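K.L.:
First residue of the sequence shown? That's 15 in the working numbering, and the numbers climb one at a time after it. Every residue gets a Cβ at the ideal spot worked out from N, C-alpha and C, and that includes glycine. All values derive from a computational prediction rather than experimental measurement.
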Amino acid sequence: MTAIFEPSAKAADVNPYGDLTLKQVIQTIPKAYFQKDSRKAWTAVLLSVGTVALGYVAIALSPWFLLPVAWFVTGTALTGFFVIGHDCGHRSFANRRWVNNWLGHIMFLPLIYPFHSWRLLHDIHHRHTNNMEIDNAWAPWSQEEYSGAGGFLQVVYQSMRGWLWWLASVAHWGALHFDLRNFEPRDHAKVKRSIAAVVIFAAIFFPTLFYFAGPWGVVKYWLMPWLGYHFWMSTFTLVHHTIPEIQFHYDDTWNEAEAQLSGTLHCDYPKWIEVLCHDINVHVPHHISVGIPSYNLRPAYAALKANWAPLMKETRFSLDLMRTITGRCHIYHPEQAYQTFRDLGR
Numbered sequence: 015m016t017a018i019f020e021p022s023a024k025a026a027d028v029n030p031y032g033d034l035t036l037k038q039v040i041q042t043i044p045k046a047y048f049q050k051d052s053r054k055a056w057t058a059v060l061l062s063v064g065t066v067a068l069g070y071v072a073i074a075l076s077p078w079f080l081l082p083v084a085w086f087v088t089g090t091a092l093t094g095f096f097v098i099g100h101d102c103g104h105r106s107f108a109n110r111r112w113v114n115n116w117l118g119h120i121m122f123l124p125l126i127y128p129f130h131s132w133r134l135l136h137d138i139h140h141r142h143t144n145n146m147e148i149d150n151a152w153a154p155w156s157q158e159e160y161s162g163a164g165g166f167l168q169v170v171y172q173s174m175r176g177w178l179w180w181l182a183s184v185a186h187w188g189a190l191h192f193d194l195r196n197f198e199p200r201d202h203a204k205v206k207r208s209i210a211a212v213v214i215f216a217a218i219f220f221p222t223l224f225y226f227a228g229p230w231g232v233v234k235y236w237l238m239p240w241l242g243y244h245f246w247m248s249t250f251t252l253v254h255h256t257i258p259e260i261q262f263h264y265d266d267t268w269n270e271a272e273a274q275l276s277g278t279l280h281c282d283y284p285k286w287i288e289v290l291c292h293d294i295n296v297h298v299p300h301h302i303s304v305g306i307p308s309y310n311l312r313p314a315y316a317a318l319k320a321n322w323a324p325l326m327k328e329t330r331f332s333l334d335l336m337r338t339i340t341g342r343c344h345i346y347h348p349e350q351a352y353q354t355f356r357d358l359g360r
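(1) By a C-beta neighbour count over all protein chains shown, 10 Å radius and 16 as the cutoff for buried, is S161 buried or exposed?
(2) Which residue comes first and which comes last in the beta strand (DSSP E) that contains Y47?
(3) The beta strand (DSSP E) that contains T329, what's its start and end?
(4) From what residue to what residue does the beta strand (DSSP E) around Y346 run?
(5) List the whole-angstrom C-beta distance separating W240 from L223, where the pair is believed to meet the contact cut-off of C-beta under 8 angstroms.
(6) What runs of the alpha helix (DSSP H), each 4 residues or longer, lie entirely inside the segment 232-259?
(7) Assuming the contact rule is C-beta atoms closer than 8 angstroms, R312 and D282 should be a hit. Round their C-beta distance to whole Å, please.
(8) Determine the closest residue to K327 out of A320, T278, L80 and A316, with distance taken between C-alpha atoms.
(9) Per DSSP, what kind of secondary structure is L178 in: helix, strand or coil?
(10) Return the first residue and the last residue of the beta strand (DSSP E) that H280 is part of.
(11) Give the DSSP bridge partners of H263, in chain order.
(12) Could you check the C-alpha separation between F226 and F245 for me, to the nearest Å?
(13) Tell me the rounded alpha-carbon separation between P154 and V87.
(14) Among residues of its own chain, excluding the 5 on either side of F122, which ones have a beta-carbon nearer than 6 angstroms to its beta-carbon?
(15) Can you give the Cα-Cα distance for A26 and P324, rounded to whole angstroms?
(16) Please go through the same chain and pick out, in chain order, the residues whose beta-carbon is closer than 6 angstroms to the beta-carbon of S303, but skip the five residues on each side of it.
(17) Enumerate in chain order the residues of its own chain whose CB-to-CB distance from F438 is below 8 angstroms, with the five nearest sequence positions on each side excluded.
(18) Expressed to the nearest angstrom, what Euclidean distance is found between the alpha-carbon atoms of K206 and I126?
(19) So, for W152: in the same chain, excluding its five sequence neighbours on each side, which residues have a beta-carbon less than 7 angstroms away from its beta-carbon?
(20) Just curious, the beta strand (DSSP E) that Y127 is in, first and last residue?
(21) Just to confirm before moving on: does the CB-CB distance between G69 and A91 stay below 7 angstroms?
(22) C343: which of I287, L275 and I260 sits nearest, CA to CA?
(23) Provide the residue span of the beta strand (DSSP E) that contains Q353, from first to last.
(24) Would you verify that the beta carbon of V59 is, or is not, closer than 7 angstroms to some beta carbon of chain B?
(25) Any idea what DSSP makes of W268, helix, strand or coil?
(26) Check whether the segment 95-114 and the segment 282-298 touch, using three or more Cβ-Cβ pairs below 8 angstroms as the test.
(27) With DSSP collapsed to three states, give me the class of W112.
(28) Determine the DSSP secondary structure at W155, reduced to helix, strand or coil.
(29) Check whether the Cβ atoms of G242 and W78 sit closer than 7 angstroms, and answer yes or no.
(30) For the structure I just gave you, are there three or more beta carbon pairs, one from the segment 131-148 and one from the segment 261-268, closer than 8 angstroms?
(31) Return the chain-ordered list of same chain residues with a C-beta closer than 7 angstroms to the C-beta of I287, the five sequence neighbours on each side being excluded.
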């Protein structure tokens with residue numbers, strides 16, 4: 015069941031799904047795994063707040079040569095803030111909507127992420143996962159889209175699909191989440207409130223940090239941990255749905271069950287990362303149902319494997335994995351999932 019990276023392997027030779035529906039897959043997950051547990055939920059909040067606080071203590075006390083380690087660990091802990099806000103956005107943290115909304119905003123503020131903007135755009139990704147025409151998360155460009163783009167955009171796309179993948183979520187954050195044109199008019203009031211919350215936070219936080227710590231303090235205490243968070247934001251979201259065996263589809267061939275079950279990759283990371291990031295890497299059950307809280311993802315994944323293992327993909331995070339993804343998963347191919355930039359010139 016581990017993903018095999020064979021250059022000759024085709025991602026869409028056989029369609030094993032037939033009439034399989036997502037509802038049938040959901041029914042194989044025990045109902046207990048959909049239940050919220052307030053103790054586990056708030057323990058996760060305390061874990062993230064505690065580790066982020068310790069991270070900033072480490073940044074304050076570390077000599078210069080240990081700062082990169084402190085930044086990276088703190089950025090990883092800040093990713094836990096995002097995952098908690100992520101559960102809030104899916105209403106899987108608490109039963110009360112106001113709790114989800116307030117906590118989601120609080121968790122996202124240090125990341126300068128407008129909560130409702132992210133929530134609404136992320137819902138589109140879940141409803142249309144791996145759909146070439148609608149998905150807004152790491153859908154590859156078609157050959158026609160790439161050829162029609164200007165030289166500058168081609169360079170940017172090549173960089174984001176290559177060894178600068180870890181900056182892609184910064185571009186995604188800035189380009190999509192603050193533009194009202196990306197949202198339905200009925201949602202504009204919510205989006206404006208979230209953007210206003212971020213602007214007010216930034217207007218207070220950054221001048222205060224600059225006043226007390228100077229420009230280096232802004233870099234040291236905010237920018238570098240924030241980039242550490244975006245390393246994981248980019249990496250997790252890329253790996254979730256991108257290997258040479260995962261095929262994106264256009265509307266006429268897109269299948270919901272295939273997209274969520276086989277088009278989502280389980281990837282094991284070092285344990286400390288999984289703990290600080292609340293098992294966001296156990297992503298298949300989350301795409302089967304967003305109602306499963308993060309602390310129930312592992313047992314839900316085991317239940318899915320017991321029923322659907324031949325249709326699932328899993329791998330382990332490594333330099334080789336990222337080399338494969340960034341070296342081969344460039345441009346959409348209708349039969350082999352991807353072609354490389356080099357292939358286009360042949």
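P.N.:
Looking at the coordinates:
(1) exposed
(2) No beta strand (DSSP E) holds Y47; DSSP gives it neither H nor E.
(3) Counting along the chain, the beta strand (DSSP E) containing T329 begins and ends at K327 to R330.
(4) Note, Y346: beta strand (DSSP E), I345 to H347.
(5) Actually they do not touch by this definition, with Cβ atoms about 12 angstroms apart.
(6) 238-255
(7) The Cβ separation is near 11 angstroms, so there is no contact.
(8) Proximity to K327 across A320, T278, L80 and A316 peaks at T278, based on C-alpha coordinates.
(9) coil
(10) Start and end: L279 to D282.
(11) Answer is N145.
(12) Using only the alpha carbons, I get a separation of about 27 angstroms.
(13) Answer to the nearest angstrom: the Cα atoms are 30 angstroms apart.
(14) G99 and F129
(15) Summary for A26: the model assigns pLDDT 41, below 50, so the residue's position carries little reliability, and this model does not support an answer.
(16) I40
(17) The question about residue 438 has no answer here: the residues shown for the chain are numbered 15 through 360.
(18) 14 angstroms
(19) If the five residues before and after W152 are omitted, its C-beta is found closer than 7 angstroms to the C-beta atoms of T251, L252, H255 and T256, all from its own chain and listed in chain order.
(20) Unbroken run through Y127: none, as it is neither H nor E.
(21) yes
(22) Residue I260 is the option with its Cα nearest to C343.
(23) A351 to Q353
(24) No chain B appears in the structure shown, which is made up of a single protein chain.
(25) Here W268 sits in coil by DSSP.
(26) Between the segment 95-114 and the segment 282-298 there are three or more C-beta pairs closer than 8 angstroms, enough to call the two in contact.
(27) helix
(28) strand
(29) no
(30) yes
(31) T90
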